[in-house]
Structures are given as C-alpha cells and as structure tokens.
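Down below is the structure, laid out as structure tokens.
Residue numbers (UniProt numbering): 1 to 192.
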C-alpha cells in the first residue's frame, strides 16, 4: 500500500477483496481529523455478445443481503488472481459464470487503458478492467454453487435498465457505455 503515511492503520481487512485504512491528520485550521481509504481487489468484467443475436450475456443471481436477498443482473467478472492478466480473468469468469467462450481470440476488445480504470482516484484504490467480446457462444452450464441463471439482453436495454436504477452492478454501467461507444464507432452492425 504505497503512498500511505507511516501512521496508517487497518480499520477493516477482508483481503484480498476489501481493506479499509485510516490515519489521523491535522486540518489546515489546526483541528484534528481522520483520513481513510478503501482498497478493492483488482477486477475484470466481460461484456460478451452472442454470436447470433448480438445480445449481451448476463447472469441473474440471488445475493444475500441484511434484509434477506435480492436478485441482480450482472456482467460476468471477478477478481484478478495473482499471475493472471485481466484478460485471463475475463475469459475465466465468462466461462465459469456464464458458460461462454470466444469464437475467436481476436474478438476481445479492451475498453479501458492498459492499467484499467481507477474509480474515485485518491479515495478508492483499485484497477478495474472491462473487455468487449464481439462473438461468444455458450458451450456449458455455469460452474459453481451459486444460484444463477444465464440469459442475454440487448445492450441498449441494459443501459436503459441502468438509467431506471434497475442495474445493481456498480461497475457495469460505465463498461456498458464504453462498449456501446466502441460498437457505434467500429461495429454498428452489432449494436442491439
């Protein structure tokens, strides 16, 4: 955790997923204050278009909450493991969560700069990556124990859902809009 003062302390540690640190400091007016930062696990997301319909593969998943449970619609993705590249993670998570593979490895398009996108730079530390897959095909059922259902939804409908506050994935909407912009410029024939 470079760049933190020597007196930084851990408030919460659920590594490798989430860590919160804090430290005391003196404000410009001389009053005491506390600074804090959040460290999130680096991650990768796949926006995979079905080879026939050009719709986006999404995962409907039931997640536990303090109030009970909610059903979310999420893009396949997850944390980048040590030794893996973000694209390795996008491929792996797409297969595990949706049972989908690329028809051609050249069909992967990075949507962010090489080092990822850094939400709320300076306050939340993470490097998130998103990849657009131009042609994917479902080859197996999802692996794992999670209560999930894989479906496809037009990209325009996913963005409309976000505009209505119906999309619960906090990082997905930005990636979806980047994918839409890329498709408009390079492959408008694939827009749904």
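The beta carbon of each residue, even a glycine, is placed where N, CA and C say it ideally should be. Note that the structure is predicted; figures quoted are calculated from it, not measured.
Counting along the chain, the unbroken beta strand (DSSP E) around residue 14 starts and ends at 9 to 14.
Between residue 107 and residue 75, the C-beta gap is not smaller than 8 Å, which leaves the two residues out of contact. Between residue 78 and residue 17, the C-beta gap is not smaller than 8 Å, which leaves the two residues out of contact. For residue 69, there is no enclosing alpha helix (DSSP H); the enclosing beta strand (DSSP E) covers residues 68 to 74. In terms of Cα proximity to residue 92, the closest of 143, 72 and 185 is 143. In the structure shown, residue 133 adopts extended strand secondary structure according to DSSP, grouped into three states. Contact check between the stretch 13 to 32 and the stretch 84 to 104: fewer than three CB pairs, one atom from each, fall below 8 Å, which does not count as touching. The C-beta distance from residue 59 to residue 98 rounds to 6 Å, short enough to meet the 8 Å contact threshold. The alpha-carbon of residue 130 is positioned some 11 Å away from that of residue 115. In the three-state reduction of the DSSP assignment, residue 22 falls in the strand class, which pools E and B. The distance from the Cβ of residue 128 to that of residue 155 is about 19 Å, inconsistent with a contact at the 8 Å cut-off. Here residue 46 carries a strand assignment [DSSP, helix/strand/coil]. If you draw a straight line from the Cα of residue 4 to the Cα of residue 85, it comes to about 26 Å. For residue 95, the uninterrupted alpha helix (DSSP H) segment begins and ends at 86 to 98. Excluding residues up to 5 positions away in sequence, 159 lie with their Cβ nearer than 7 Å to the Cβ of residue 177 in the same chain. Boundaries of the beta strand (DSSP E) around residue 57: 56 to 65.
Taking all protein chains in view, the Cβ of residue 125 is crowded by 16 or more other Cβ atoms within 10 Å, so the residue is classified as buried.
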